[in-house]
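For the sequence shown, position 162 (counting from the first letter as 1) is numbered 162 according to full-length UniProt numbering, and the numbering increases by one without interruption. What follows is one structure encoded as structure tokens, with my remarks underneath.
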Amino acid sequence: RFILVCVAIAVYSVVVTYKIFSIGLSCRPTVCPTTVCNSSVEEKHAKEVTTTPPWEQHLDFEGFNNESGTPDGHYIVPNYVHFIKFGQAEFSFVHTVCILAALKNQKPEKLFIHTDLDGFRGKYWNVMMNTSGFVEVLVIKKMKVPTEIFGQKLQQKWRNYHGGDVARLQIMMKYGGIYL
1 RFILVCVAIA VYSVVVTYKI FSIGLSCRPT VCPTTVCNSS VEEKHAKEVT TTPPWEQHLD
61 FEGFNNESGT PDGHYIVPNY VHFIKFGQAE FSFVHTVCIL AALKNQKPEK LFIHTDLDGF
121 RGKYWNVMMN TSGFVEVLVI KKMKVPTEIF GQKLQQKWRN YHGGDVARLQ IMMKYGGIYL
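Here you go:
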């Protein structure tokens, strides 16, 4: 059942991402060199990127085909998987299983964890860090929990929940891919 829920969320995220981009919304992120991992815990695994990574580049959706992508072989939805982890430095068993299932079954080019923390800890984090192929695709992106949407402040007691919803939309619009 858990896998079905993950798959359902993934399919929904792909549809939402496609619909967002198909109505002409796009993000034009700043083009600059970045480091793959921004967390102090993962600095030993950080790799300097000398060119702008694909997820930081502007995408032009002219000429995209829903089934085959662009003439040069790029797909509409990049093979990126996103997770959000606000305010919790440790991963639960369920969250770990979902991340490792995405790694094994989706085989993403990049697996993003968006967080407001400086690093992660705990036995499940250690399990993931020691899983073959995980560190190679891991990208930790530091971001603040959104506090407003369209100028409307989020209520303090619901900020992490609604802020997570706002963050999901911002992430999908900026990077594309799927959110689990």
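The beta-carbon is built from N, C-alpha and C at its ideal position, and this holds for glycine as well.
- Taking C-beta atoms under 8 Å as the contact rule, Phe120 and Lys141 fail to qualify, at a distance of about 13 Å.
- In the assembly as shown, Phe150 is an exposed residue. Its beta-carbon has fewer than 16 other beta-carbons within 10 Å.
- Contact between the stretch 163 to 180 and the stretch 130 to 137 is absent: fewer than three C-beta pairs spanning the two stretches fall below 8 Å.
- Of Glu56, Gly133, Val97, Thr96, the smallest CA-CA separation from Pro78 is found for Glu56.
- Within the stretch 99 to 125, the beta strand (DSSP E) runs of at least 3 residues that lie entirely inside it are, in chain order, 110 to 115.
- If only uninterrupted alpha helix (DSSP H) runs of at least 4 residues are considered, those enclosed by the stretch 131 to 161 are 134 to 137.
- In the DSSP annotation of this structure, the continuous segment of the beta strand (DSSP E) that includes Tyr80 starts and ends at 80 to 85.
- With a beta-carbon spacing of about 21 Å, Gly122 and Val145 fall beyond the 8 Å limit used to define contacts.
- Gly133 and Ser68 have their C-alpha atoms spaced approximately 27 Å apart.
- Here Gly164 is not bridged, per DSSP, to any residue.
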